[in-house]
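For reference, the structure discussed in these notes is given below.
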Amino acid sequence: MSLPEIPKSLIPFLQEYLPKDVPDRTVVTLTYAQSLDSRIAAKKGEQTKISHIETKTMTHYIRSKHDAILVGVGTVLADDPKLNCRFRIPGEAASHPRPIILDPHGKWAYSGSQLRQIAATKQGKAPFILIDNTTAIDPREQQALEDQGGRFVKLRFDNKDSPVKNWDLILQKLNDLGIGSVMIEGGATIINDLLTAPKLVDSLIITIGPTFLGKEGVEVSPISQVSLKEPKWWQGTQDVVLCARLNLFYTSI
409 MSLPEIPKSL IPFLQEYLPK DVPDRTVVTL TYAQSLDSRI AAKKGEQTKI
459 SHIETKTMTH YIRSKHDAIL VGVGTVLADD PKLNCRFRIP GEAASHPRPI
509 ILDPHGKWAY SGSQLRQIAA TKQGKAPFIL IDNTTAIDPR EQQALEDQGG
559 RFVKLRFDNK DSPVKNWDLI LQKLNDLGIG SVMIEGGATI INDLLTAPKL
609 VDSLIITIGP TFLGKEGVEV SPISQVSLKE PKWWQGTQDV VLCARLNLFY
659 TSI
């Protein structure tokens, strides 16, 4: 399905929150869509439509400005996403970011995924899969991945059952791989963890859809109180978009 044009007012609105070149560090944009009751899915493992098509175009525009997109293994298992970029400037080829999958236990199979089909047809790139160095790799999966330009990237996680606590390690490895900017899209565990990591997150972009998903929904909410600085709001046909930065310190009123 082709995307409509991005609303013209969105481009200048987003500009100051898009990545700038920073030497020796991977710039991080945390972005996701949520309901009014702070849910990103109706149920665990269930793909849920929240955003309007015009903010879907915005997501692909933001992807075009990043070197990579990172998601957790729960997201790829639930959604089988394409993780490519469908935003194009007329007359130019699409700029596809590199998918990064955080999968320390090796739960996900690349060989049967949409991502493999996308890479095979040159509509996107094969992923880099971040895996714990103690996890065995299926040689057939490794071959399928490497044949299309992807790879397994072994890391020594402090705790592979909770790899999101290893963000310094993860981001340093991305920088070593030549990735200057990464757009982190989820899932909930990753979002909640990074909402309390202001020194790591350069920009926060949240799309809020006009719906409630209810108490069974997958909630995004940091473990501690977080405040934002430099917030800006954009009103679309259906959604609102919040751009902000995380405060280093919370000050009570």
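Residues 409 to 661, numbered by my numbering, are exactly what the sequence shown covers, in order. No residue lacks a Cβ here, since even glycine has one placed at the ideal position from N, Cα and C.
DSSP three-state call for residue i: helix, strand or coil?
i, result
"residue 618", "coil"
"residue 525", "helix"
"residue 598", "helix"
"residue 586", "coil"
"residue 637", "strand"
"residue 661", "Since pLDDT at residue 661 reaches only 40, below the 50 mark, its modelled position is unreliable, and no value is offered."
"residue 656", "coil"
"residue 556", "coil"
Is it buried or exposed for residue i, if we count other Cβ within 10 angstroms and need 16 for buried?
i, result
"residue 484", "buried"
"residue 454", "exposed"
"residue 641", "exposed"
"residue 601", "buried"
"residue 459", "buried"
"residue 564", "exposed"
"residue 659", "Unreliable positioning characterises residue 659 in this predicted model, as indicated by a pLDDT of 47, which lies under 50. The coordinate reading is nonetheless provided below. Per the 10 Å Cβ criterion, exposed."
"residue 548", "exposed"
"residue 661", "Low confidence applies to residue 661: its pLDDT is 40, below 50, so where it sits in the model is not reliable, and the reading given next is rough at best. It is exposed - the Cβ of residue 661 has fewer than 16 other Cβ atoms within 10 Å."
"residue 410", "exposed"
"residue 557", "exposed"
Indicate whether residue i and residue j have their beta-carbon atoms separated by less than 7 Å.
i, j, result
"residue 442", "residue 628", "yes"
"residue 593", "residue 479", "yes"
"residue 456", "residue 449", "yes"
"residue 488", "residue 521", "yes"
"residue 574", "residue 584", "no"
Checklist entry - Going along the chain, which unbroken runs of the beta strand (DSSP E) with 3 or more residues stay wholly within the stretch 452-537? => result Secondary structure in the stretch 452-537: the beta strand (DSSP E) runs of 3 residues or longer, each lying completely within the stretch, are 476-480, 506-510 in chain order.
Checklist entry - Pairing CB atoms from the stretch 487-497 with CB atoms from the stretch 510-519, are three or more of them under 8 Å? => result Fewer than three beta-carbon pairs drawn from the stretch 487-497 and the stretch 510-519 are found closer than 8 Å, and the two stretches are therefore not classed as touching.
Checklist entry - Between the stretch 423-433 and the stretch 606-620, do three or more beta carbon pairs fall short of 8 Å? => result Cβ pair count under 8 Å is three or more, so yes.
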